[in-house]
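Asker:
In the UniProt record's numbering, the protein residues as written are 1 to 161.
(1) When you compare the CB positions of residue 33 and residue 69, do they come within less than 8 Å of one another, or not?
(2) Would the beta-carbon of residue 104 fall within 8 Å of that of residue 75?
(3) So, do the region 41-50 and the region 90-102 have three or more beta carbon pairs nearer to each other than 8 Å?
(4) Considering only DSSP beta bridges, list what residue 53 is partnered with.
(5) Could you have a look at residue 59 and say whether DSSP puts it in helix, strand or coil?
(6) Mapping the DSSP letters down to three states, classify residue 155 as helix, strand or coil.
(7) Determine the direct distance from the alpha carbon of residue 2 to that of residue 78, and round the result to whole angstroms.
(8) Report the option in 99, 157 and 29 whose CA atom is closest to the CA atom of residue 17.
(9) Terminal residues of the continuous beta strand (DSSP E) containing residue 10?
(10) Does residue 72 come out as helix, strand or coil in the three-state DSSP assignment?
(11) In angstroms with no decimal places, state the Cα-to-Cα distance between residue 7 and residue 96.
(12) For residue 83, count neighbouring Cβ atoms within 10 angstroms of its own Cβ and tell me buried if that reaches 16, exposed if not.
(13) Check residue 15 in the structure and name its three-state DSSP category.
(14) Quick check: what's the CA-CA separation for residue 60 versus residue 27?
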């Protein structure tokens with residue numbers, strides 16, 4: 001089976017960060033995605049979808065540090081069905097996304113630079129717990145800048161699907 005989700009959207013609220021009993025970070029965030037389409041009568045329509053996303057490890061800590069309500073982000077992950085019993089004994093369930101990677105888009109708040117232009121903004125999504133024996137022996141990341149990708153302005157009506 002194949003379970004892969006790729007979403008681009010804006011955060012609907014500030015990130016809620018907490019730590020699990022094993023010491024791993026968990027960040028919960030709300031993501032809003034928009035879809036624009038042309039209705040049968042020729043007018044523009046728009047629908048918004050709100051999705052709950054869970055980030056783990058170092059990615060969760062980085063998201064909490066740099067993102068806030070309104071920030072644009074790209075999430076890759078998998079769709080998960082969460083189910084539980086409410087206080088009345090009724091079974092409840094909802095879908096959410098468990099993120100496998102996260103990329104910050106747009107511009108940081110109060111800055112003219114995009115994410116990743118500073119060496120301080122570069123991070124690895126790999127997470128090693130602080131009590132791991134090789135934690136202090138990690139090698140510094142390669143901070144060479146990759147080629148900048150040009151921005152392409154595409155109208156939604158030009159997309160063939």
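All residues carry an ideal CB built from backbone N, CA and C; glycine is no exception.
All figures in this text were calculated on a predicted structure; none of them were measured in a lab.
Answerer: In brief:
(1) Counted from its first residue, the chain shown places residue 33 at position 33. Counted from its first residue, the chain shown places residue 69 at position 69. No. Outside cutoff.
(2) What you label residue 104 is simply residue 104 of the chain shown in a count that begins at 1. What you label residue 75 is simply residue 75 of the chain shown in a count that begins at 1. No, the pair does not count as a contact, with Cβ atoms beyond the cut-off.
(3) no
(4) Within the chain shown, the letter at position 53 stands for residue 53. Bridge partners of residue 53: 29 and 97.
(5) Position 59 of the chain shown, counting from 1, holds the residue named residue 59. Looking at residue 59 - three-state DSSP - the assignment turns out to be helix.
(6) One-based indexing of the chain shown puts residue 155 at position 155. In this structure, residue 155 counts as coil in the three-state DSSP scheme.
(7) The residue labelled residue 78 in the question sits at position 78 within the chain shown. The residue labelled residue 2 in the question sits at position 2 within the chain shown. Each residue's Cα considered, the two are about 9 Å apart.
(8) Taking the chain shown and counting its residues from 1, one reaches residue 17 at position 17. Considering only alpha carbons, the answer is 29.
(9) As a position in the chain shown, residue 10 is number 10, starting the count at 1. Note, residue 10: beta strand (DSSP E), 5-11.
(10) Taking the first residue of the chain shown as position 1, residue 72 is located at position 72. Three-state result, residue 72: strand.
(11) As a first step, residue 7 is located in the chain shown; it is residue number 7 there, counting from the start. As a first step, residue 96 is located in the chain shown; it is residue number 96 there, counting from the start. For residue 7 and residue 96, the distance between alpha carbons rounds to 12 Å.
(12) As a working mapping, residue 83 is identified with position 83 in the chain shown. That one is exposed.
(13) Against the chain shown, residue 15 aligns to sequence position 15. Reduced to three states, the DSSP call for residue 15 is coil.
(14) Translated into positions along the chain shown, residue 60 becomes position 60. Translated into positions along the chain shown, residue 27 becomes position 27. Computed Cα separation, rounded: 5 Å.
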